[in-house]
Amino acid sequence: MKREQIEAALRSSEADYTEIRLEEGETTRVAFRGPDLETADVALDRGGIVRCLVHGGGWGIATFNDLSNLEHRVQQAYEGARAIQAEPIELAPILIAEDEITVSLENDFRGIGVTEKKALVQTYNDILLGFDSRIVDTSTTYADEFKRIVFANSEGTYVSEERPMISVRVIAVAREEQNVQRAFDGVSRAAGFDAVTGQEDLVKTVAQRAVDLLSAPAVEGGRYTVVCDPRMGGVFAHEAFGHLSEADFIAENPQAREMMVLGRRFGRDILTIADDGSLPGLRGTHPYDDEGTPTGRTDLIKNGELVGRLHSRETAARMGEEPTGNARATSYRHRPIVRMTNTFIEEGETPFEEMISDIEQGVYACAAFGGQTAVENFSFSAAYGYIIRHGEVAELVRDVVLSGNLFVTLKHIDAVGDDFEWVEWGRCGKGQGGLAVSMGAPHVRIQDVLIGGE
Amino acid sequence: MLDRLMEKAEEAEVFEIDSEATQIGFKANKLKSFEVKETQGLAARAIVDGKVGFAATSDITAVDELVDNVLASARLGDEIQLHFPDPQPGPEVQVYDPELASLSTERLIEIGNEIIEAILEVDGEANVEINLSRRVRATTVRNSRGVEARVKKAPLAISMEVDRVRGDDIITLFEYFTTATLDESYQAFVKRIAEKLRLAKESASLASGRIPVLFSPSGASVLGLPLIQGLNGKNVYRGISPMAGQEGKQLFDEKLTLVDNPTLDGRPGSSSHDDEGVPRERRVLIDRGRLTGFIFDLKTAALAGRESTGNGSRGLFSPPSPSFSNMVIEGGDQLVNDIISGIDEGLLVESPLGLGQGNVISGAFSNNLSLAFKIEGGEIAGRVKDVAVAGNIYEDLQEITAMSQESEWVYGGIRLPYVLLSDLNVVTRG
């Protein structure tokens, strides 16, 4: 769609603020399940969203696939804004941005045929299938996506951006009679085809772990000193804490605001947690958020104290703070809300060996099936774990589920490792389905964690 | 489009989706947003030289690209014995209520305000976020054998989050309600939420151990989810369902009867045909504890040497796969109040945290609970925090102490009663 058409539609609006976001993308997917090809297909997705604000009204929003009459969509959104009487909504000011972001990918996946992509997936899948007769099921998925996004608003911002993403994910399921165990891993980056080739070792590790988990005992439930690996630590930062830092939880909730008052001590001074949407190549990165605000680093906890939060223009205005570039939407089908980008626990100083050296009986929790929080309560399922005994990593265990109260747990982080890693996989399902995010952390040690188990 | 595909293919199918919705949003107890959503899309499958291809687009004018993409996809496919169905009539079922389809914005706002008022009456510090939507969704499946199956639904959906923060005492409820018929049933849904908030004002403590655990319908989703995954024909065919090869066997307590029922009027999960044009029917999958069937779509059935059970389900951008229409666990013969009266010391599980995490396919559940109550001397004594339950349905459902007459719809397409298990592992901080 031409710029003039978009700008004409904006000019036609009677609203006090109007924005239009249009997206067009092509996704290639190849998936195997066991020896069978599930699909090798190309999907085209195109659509848009208009948002309007009117004094004395609320947000009026129109989302659509048919791009043939933008003025009509603007009218729909404007009428929607007028149809409801809401309390005044202000947007924090941002600089007018005019930008065109194009990407240049090494070994651009758009130039590679589906046949070659299928061959790569088949190679990885065959490694899993042939690894051990106890591996009864696999899931090997490849996806690449190239999106073109245009965002323009009535303030004069006009940003066009290319957003690539490529990923490979493998799951191996091993079975011995009624005992079924699974292991998984993957890679996902805003990069070209080379990001997903040469991952044979990662695939073999997944197969090995699925088989090893068959003979691993379930961890005994109880309270333990827990060391989280970087992948579990990253999920913890995102799930247990990150969501509380999203200002749409706090902005209109006085009690929540009291809970998240700046300056409150949340942990020891070794703990720093931040979010940064501007780091190159990561899943949660883009130069501007979906309201045209530039992204960047926002410190959330610095040396144990709450120092910041994540904002959209609306929450920033409501709280008298600066916008942080965290207004994001999963796609044009959804309005932007406050979301994390790349969230991490900053690297500390304690080497892993030192961290475990004085643990008599503990649990080493690795990777995460996922996590969920209900404000202060969290629950995470580790993909696998190990017992730590007499200062050393001992036997593999399964069914490691960490849960507890966030505030108590953050205070119990008493060592932060010197071995930071990004987790190159992440989908955040806040209300709108899977949005690309990433998480990172070093190893962290947490005292007195409740581990549920048989 | 079918004709163009049939120039190159032995069989072809086109799936069309058209949907429009109006959504009202409340945040922090106040009206906030109004949204109009229009969705369109086309997806196609073609069988060329016995190989199946798939492609999809949300741009319904991009027919040329769609045809090229589906044929290219077929060249890469596996050869499987997949055949699209012949036209067959399906059951009559009501999922389109014209009154619901044209429900006004004012009425949606009114319902939202009613709900907020009812909750604030119980707890003035509650912070309520609600999304109410009315929607009309039409899907049409056409294939080269003459199938033209159109399904039109008009669901109303209410999704809410209720937070109440009082210092470090926090409660969060996630609730969801949906219906395809305009009735007052949402009021019962709201009453239940208000009741939970009221009961949560008192605290109680509980020691760890093996005790009776009563799962409310939403709590019982931790028991339902492994069953849903285990009964899925895809997991059975892949050999990862513990129920594979166990048909006819008594796997569970005879109180457990589980049904897939697409014929329930007024339920958004119901329809006359599935997303492949196969007619639907009510199926008993677990009959008084005995495993009697699984659910299949066309492709899984073809791979497994079985017939489709009319459970082919799809979104726009994926080929079909097996899914329940309405999963119903039939209620029992006791009233829930009588069940509670009979418990000396136990736990009532309302809301689990982290549903779906962990090794669900193996039957395991291990969940911290975002809302649970202590039952003491036959009464609900107060809210218990920092508590988790764990178990495995393949062991724990072999002896079900009681199931209630009362049932509720949870997450839209799942209907569960209260389920009492007399001896389950509970871990607490206290």
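Same order as they appear, the protein sequences are chains A and B. Residue numbers for the first sequence follow the numbering used here, beginning at 1 and rising by one. Residue numbers for the second sequence follow the numbering used here, beginning at 1 and rising by one. We put the beta carbon where it would ideally sit given N, CA and C, even for glycine.
(1) Kindly list the residues whose CB is nearer than 7 Å to the CB of residue 319 of chain A, restricted to its own chain and excluding five residues on each side of it in sequence; keep chain order.
(2) Do residue 44 of chain B and residue 55 of chain B have their C-beta atoms within less than 8 Å of each other?
(3) Chain B partners of residue 259 of chain A, CB-CB under 9 Å?
(4) To the nearest angstrom, report how far apart residue 141 of chain B and residue 16 of chain B are at their CA atoms.
(5) Could you pull out every unbroken alpha helix (DSSP H) segment of at least 4 residues lying fully inside the region 312–348 of chain B, listed in chain order?
(6) When you compare only the Cα positions, how much space is there between residue 452 of chain A and residue 222 of chain A?
(7) Should residue 59 of chain A be flagged as near chain B, meaning a C-beta pair shorter than 8 Å?
(8) Determine contact between the region 70–82 of chain A and the region 13–30 of chain A, defined as no fewer than three beta-carbon pairs at a distance below 8 Å.
(9) If you draw a straight line from the alpha carbon of residue 262 of chain B to that of residue 311 of chain B, how long is it in whole angstroms?
(10) What runs of the beta strand (DSSP E), each 3 residues or longer, lie entirely inside the region 328–363 of chain A?
(11) Classify residue 78 of chain A as helix, strand or coil using the three-state DSSP reduction.
(12) Let's see if you can read the secondary structure: which residues bound the beta strand (DSSP E) around residue 164 of chain A?
(13) Helix, strand or coil for residue 417 of chain B per DSSP?
(14) Quick one: is residue 80 of chain A near chain B, going by C-beta distance under 8 Å?
(15) Please tell me whether residue 372 of chain A has its Cβ less than 8 Å away from any Cβ of chain B.
(16) Could you tell me the boundaries of the alpha helix (DSSP H) in which residue 68 of chain B lies?
(17) Between the alpha carbons of residue 362 of chain B and residue 33 of chain A, how many angstroms are there, rounded?
(18) Would you say residue 122 of chain A lies against chain B (beta-carbon separation less than 8 Å)?
(19) Mind checking whether residue 40 of chain B and residue 69 of chain A have CB atoms under 8 Å apart?
(20) Does residue 118 of chain A come within less than 8 Å of chain B when only Cβ atoms are used?
(21) What residues in the region 28–58 of chain B bring their beta carbon closer than 8 Å to a beta carbon of chain A?
(22) Listed in chain order, which residues of the region 297–319 of chain B have Cβ atoms closer than 7 Å to some Cβ of chain A?
(23) Just to confirm the assignment, what range does the beta strand (DSSP E) spanning residue 27 of chain B have?
(24) Less than 8 Å between the beta carbons of residue 325 of chain A and residue 296 of chain A, yes or no?
(25) Helix, strand or coil for residue 424 of chain B, going by three-state DSSP, please let me know.
(26) Does residue 93 of chain A pass the burial test, meaning 16 or more other C-beta atoms within 10 Å, or should it be called exposed?
(27) Just mark residue 399 of chain A as buried or exposed, buried being the case when its beta carbon has 16 or more other beta carbons within 10 Å.
(28) Between residue 45 of chain A and chain B, is any beta-carbon pair separated by less than 8 Å?
(29) Looking at chain A, is there any beta carbon in it that lies within less than 8 Å of the beta carbon of residue 250 of chain B?
(30) Closest Cβ-Cβ distance between residue 216 of chain A and chain B: below 8 Å?
(31) Please tell me whether residue 218 of chain B and residue 370 of chain B are closer than 8 Å, where the distance is taken between their beta carbons.
(32) Quick check: is the beta carbon of residue 432 of chain B nearer than 8 Å to any beta carbon in chain A?
(33) Residue 225 of chain B CB to nearest chain A CB: under 8 Å?
(34) For residue 64 of chain A, which residues in chain B fall below 9 Å Cβ to Cβ?
(35) Measure from the C-beta of residue 176 of chain B to each C-beta in chain A and report whether the shortest distance is under 8 Å.
(36) Any residues in the region 435–450 of chain A with a beta carbon nearer than 7 Å to a beta carbon of chain B? Which ones, in chain order?
Quick answer:
(1) So the qualifying residues of the chain are 247, 251.
(2) Yes; because the gap between Cβ atoms is below 8 Å, this pair is in contact.
(3) Here the neighbours are 165, 167, 168, 170.
(4) CA-to-CA, the gap between residue 141 of chain B and residue 16 of chain B works out to about 7 Å.
(5) Taken in chain order, the complete alpha helix (DSSP H) segments of 4 or more residues contained in the region 312–348 of chain B are 336–341.
(6) Going by the C-alpha atoms only, they are around 6 Å apart.
(7) Under the Cβ criterion of 8 Å, residue 59 of chain A is counted among the residues facing chain B.
(8) Yes: the two stretches touch, three or more of their Cβ pairs being nearer than 8 Å.
(9) Spanning the two alpha carbons is a distance of roughly 9 Å.
(10) Runs found: 342–345.
(11) Shown here, residue 78 of chain A sits in a helix according to DSSP, grouped into three states.
(12) Looking at the DSSP string, the run of the beta strand (DSSP E) that includes residue 164 of chain A is 158–176.
(13) DSSP places residue 417 of chain B in strand when its eight states are reduced to three.
(14) At least one chain B Cβ lies under 8 Å of residue 80 of chain A.
(15) It does; some Cβ of chain B falls within 8 Å.
(16) According to the DSSP assignment, residue 68 of chain B belongs to the alpha helix (DSSP H) that extends over 63–76.
(17) In a straight line, the C-alpha of residue 362 of chain B is about 18 Å away from that of residue 33 of chain A.
(18) Answer no: the Cβ-Cβ gap between residue 122 of chain A and chain B never drops below 8 Å.
(19) No.
(20) Output row for residue 118 of chain A: interface = yes.
(21) Within the region 28–58 of chain B, the residues whose Cβ lies closer than 8 Å to some Cβ of chain A are 28, 30, 31, 32, 33, 34, 35, 36, 37, 38, 39, 40, 41, 53, 54, 55, 56, 57, 58, listed in chain order.
(22) Within the region 297–319 of chain B, contact with chain A at the beta-carbon level (separation under 7 Å) is assigned to 303, 317, 319.
(23) For residue 27 of chain B, the enclosing beta strand (DSSP E) stretches over residues 11–27.
(24) With respect to residue 296 of chain A, residue 325 of chain A sits close: the two C-beta atoms are nearer than 8 Å.
(25) Residue state, collapsed to three classes: strand.
(26) Under this definition residue 93 of chain A is an exposed residue.
(27) Under this definition residue 399 of chain A is a buried residue.
(28) Using a Cβ-Cβ cut-off of 8 Å, residue 45 of chain A counts as an interface residue toward chain B, since at least one Cβ of chain B sits closer than that to its own.
(29) Not an interface residue.
(30) So no, residue 216 of chain A is outside the interface.
(31) It is not a contact, given that the beta carbons lie outside the stated cut-off.
(32) This structure gives no information on residue 432 of chain B, because the portion of chain B shown stretches from 1 to 430.
(33) Taking CB atoms only, residue 225 of chain B has no neighbour in chain A less than 8 Å away.
(34) By Cβ distance, chain B contributes 36, 37, 38, 39, 40.
(35) For residue 176 of chain B, the closest Cβ of chain A is not nearer than 8 Å.
(36) Among the residues of the region 435–450 of chain A, those with a Cβ less than 7 Å away from any Cβ of chain B are 450, in the order of the chain.
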